[in-house]
Amino acid sequence: DAMVIQNPRYQVTQFGKPVTLSCSQTLNHNVMYWYQQKSSQAPKLLFHYYDKDFNNEADTPDNFQSRRPNTSFCFLDIRSPGLGDAAMYLCATSLQRGGYEQYFGPGTRLTVT
Amino acid sequence: ELKVEQNPLFLSMQEGKNYTIYCNYSTTSDRLYWYRQDPGKSLESLFVLLSNGAVKQEGRLMASLDTKARLSTLHITAAVHDLSATYFCAVVNSGYSTLTFGKGTMLLVSP
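Top to bottom, those sequences are chains U and X. Take the first sequence: its position 110, counted from the start at 1, is 174 in our numbering, and no numbers get skipped. Take the second sequence: its position 45, counted from the start at 1, is 772 in our numbering, and no numbers get skipped.
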């Protein structure tokens with residue numbers, strides 16, 4: 065089945081230690097998104113890629129970076145995680161921009177110690 | 728800037744009762760999504776509403792969209808425990824092609 069896969073599902077990192085979260089998709093969608101969702105809050109868009117075109121949200125901290133080496137994979141890098149970065153990180157894809165339906169992966173739960 | 732407001736934010740219901748969740752948004756948009764999220768899980772797409780007057784139904788849930796009033800509703804009929812979850816509406820930002828989510832409605836259905 066075509067799907068959005070996130071690895072790992074759970075990640076524990078130390079304060080200030082860089083961490084990378086991975087997302088892959090078999091849907092062949094052009095757009096990939098990264099959201100941060102803290103407990104009891106709505107998902108917050110960090111950035112998205114339309115093909116190779118990177119689009120950063122204005123309020124996304126510089127501590128968060130992303131890479132998309134090919135259509136199938138997208139990575140979220142947190143350069144120096146703080147305690148406030150503990151959250152669920154959701155990857156989503158859509159066929160195109162323009163409000164096409166987004167398909168979400170299972171998420172990675174990040175804990176910062 | 729697009730703002731999306733959901734209410735109520737928390738809803739405790741008895742099984743068998745009906746209720747409606749409301750989603751208001753502040754600027755013009757012609758596409759709205761409803762998602763369900765179980766605790767610790769990802770988002771599951773429920774409905775895509777694409778035009779004014781759109782109505783979609785799946786089981787005990789029915790969603791509608793009024794683009795003139797900038798309002799969507801999610802109506803629950805004869806609630807059952809399995810519907811307990813958090814429900815989010817999300818509105819497309821025209822021109823930006825991204826979604827803005829409401830804060831979510833946590834629904835608890837008890838016997």
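Positions of the beta carbon are idealized from the N, C-alpha and C atoms, including for glycine.
Selection from the options that minimises the alpha carbon distance to residue i
i	options	result
X:Val818	X:Gln741, X:Asn745, X:Thr747, X:Tyr760	X:Tyr760
X:Leu729	X:Gly780, X:Leu736, X:Ser824, X:His802	X:Ser824
U:Thr172	U:Leu110, U:Met96, U:Arg73, U:His112	U:Arg73
Euclidean distance between Cα positions of residue i and residue j
i	j	result
X:Asp765	U:Gln75	20 Å
X:Leu738	X:Leu834	5 Å
U:Ala156	U:Gln129	16 Å
U:Pro133	U:Asn119	15 Å
U:Tyr153	X:Leu810	24 Å
X:Ser772	X:Leu736	19 Å
Interface partners of residue i on chain U, CB under 7 Å
i	result
X:Val819	Gly163
Interface residues of chain X facing residue i [CB-CB closer than 9 Å]
i	result
U:Pro170	Lys768, Ser769
Below-8 Å beta-carbon distance, residue i vs any chain X residue
i	result
U:Gln166	yes
U:Leu85	no
U:Leu154	yes
U:Leu109	yes
Listed by chain order, chain X residues near residue i by CB distance under 7 Å
i	result
U:Ala106	Phe815, Phe828, Gly829, Lys830, Gly831
Listed by chain order, chain X residues near residue i by CB distance under 8 Å
i	result
U:His112	Thr825
Residue-chain proximity (residue i, chain U), Cβ-Cβ < 8 Å
i	result
X:Ser707	With chain X covering only 728 through 838, there is no way to say anything about residue 707 of chain X.
X:Arg775	According to the sequence shown, residue 775 of chain X is Val rather than Arg. Output row for X:Val775: interface = yes.
X:Ser739	no
Beta-bridge partners of residue i, as assigned by DSSP
i	result
X:Arg763	X:Glu771, X:Tyr814
Interface residues of chain U facing residue i [CB-CB closer than 8 Å]
i	result
X:Arg758	Gly163
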